[in-house]
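Under this note's numbering, the first residue of the sequence shown carries the number 3, and numbering increases by one thereafter. Since the structure comes first, as structure tokens, the remarks are kept for the end.
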Amino acid sequence: MSVTPSTTTSSKATQSDSKHVVGLDGCRAGWIAQTLWLRPHLSGSTTFEVSHTEWHLIQEQEDLLGVLQRCDQAWIDVPIGLASSTDDDAPKRACDLAVREALGSKRSSIFTPPIRDVLEIASYHEAMQRQHELIGAKCSIQAWNLTPKIRQMDTLWEWIDDAEHRIHEAHPEWQFQCWVNGLPSPSEGDSQDHVNNLLLEHSHGNPSLSSKKTDEGRRQRLAILASLGFDDASSFYEDCLSQTKRKDVQPDDIMDAMALAWGCYQAMNGYGKILPEAGTPKDAKGRPMAIHYASP
């Protein structure tokens with residue numbers, strides 16, 4: 003891997019008693035991966051606590067495959083299952099529609115990916131011309147820019163044991179919003195007051211997240227992670243930021259990977275949920291079209 007993993011932590015778990023989960027977010031250089039090593043909360047317990055954390059910048063496909071093969075679970079910010087031209091609502095996916103509805107004013111952060119029929123076409127213009135011929139609709143250039151990562155995951159899927167139950171699509175902004183929705187109302191002496199105050203600072207009376215591209219938005223998200231138990235979130239973020247170049251990794255890439263890893267950890271402790279709630283539809287290749295999230 004291109005960057006030696008950085009570790010922050012309490013104490014390291016042994017191979018025999020540990021599990022590990024990974025949050026993966028695409029970046030210019032490849033993927034930024036946050037790993038959380040877990041140990042049983044108590045002897046014989048079915049719930050876990052974090053023993054230590056580390057991150058990697060992954061640039062080679064074989065390294066990405068290795069990470070996905072070895073982890074117990076991974077949450078990844080890239081569409082896995084794709085609509086096809088034969089689907090009634092193509093190119094829309096039920097999971098995207100559900101998250102958009104829940105996100106309200108922030109719905110634009112959810113892109114509709116291209117249909118599977120055009121995934122291997124090289125250029126955006128040619129792919130959208132073909133997609134329009136098939137279903138009468140196109141996708142945005144922002145959504146098309148995800149296709150290299152989508153193709154990569156689509157290829158690796160076949161090589162990952164039990165991928166359907168271990169590798170899950172997730173969305174960082176939706177995950178952060180779920181955490182915001184779950185915050186208690188401010189009260190005197192409440193440990194959550196700091197988070198609520200940050201969220202209220204630039205809003206109009208309702209706790210809301212600033213853009214993740216801003217310093218304020220990043221402060222809010224780090225405060226949320228810390229309030230959930232990620233005690234060293236800020237130092238972990240700063241460590242990753244200082245050891246990577248901005249041409250390779252953006253600050254919000256790091257934040258997104260952290261959110262995915264922590265959500266995945268919460269899901270391991272029984273707080274995982276899936277959209278659409280009615281069940282997980284499969285695409286033409288049997289890939290799940292679902293978005294996972296945690297809601298403690």
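Where is the CB? At the ideal position from N, CA and C, for every residue including glycine.
Around the CB of D119, 16 or more other CB atoms lie within 10 Å, so the residue is classed as buried.
With contacts defined by Cβ atoms closer than 8 Å, I34 and D255 form a contacting pair. One alpha carbon belongs to S87, the other to F232, and they sit about 43 Å apart. Between L26 and D79, the beta carbon gap of about 7 Å places them in contact (Cβ cut-off 8 Å). Taken through DSSP and simplified to helix, strand or coil, A139 comes out as coil.
By the Cβ criterion, the stretch 97-114 is not in contact with the stretch 41-52, since fewer than three pairs of Cβ atoms, one from each stretch, lie closer than 8 Å. Remark: three or more beta-carbon pairs, one from each stretch, lie closer than 8 Å, so the stretch 156-174 and the stretch 258-271 are flagged as touching. Between R168 and Q75, the C-beta spacing is below 8 Å. The criterion of a C-beta distance shorter than 8 Å is not satisfied by T37 and F238. A straight line joining the alpha-carbon of E240 with that of W57 spans about 12 Å.
Secondary structure at P42: strand, using DSSP grouped into helix, strand and coil. In terms of Cα proximity to A225, the closest of S142, R30, W181 is W181. Check the Cα spacing between I152 and each of H43, P81, R109: the tightest is with P81.
When rounded, the separation of the alpha-carbon atoms in A165 and D250 is 28 Å. Around the Cβ of K214, a 10 Å sphere holds 16 or more other Cβ atoms; the residue is buried. Between D217 and the set G184, V197, P253, the nearest pair of CA atoms involves P253.
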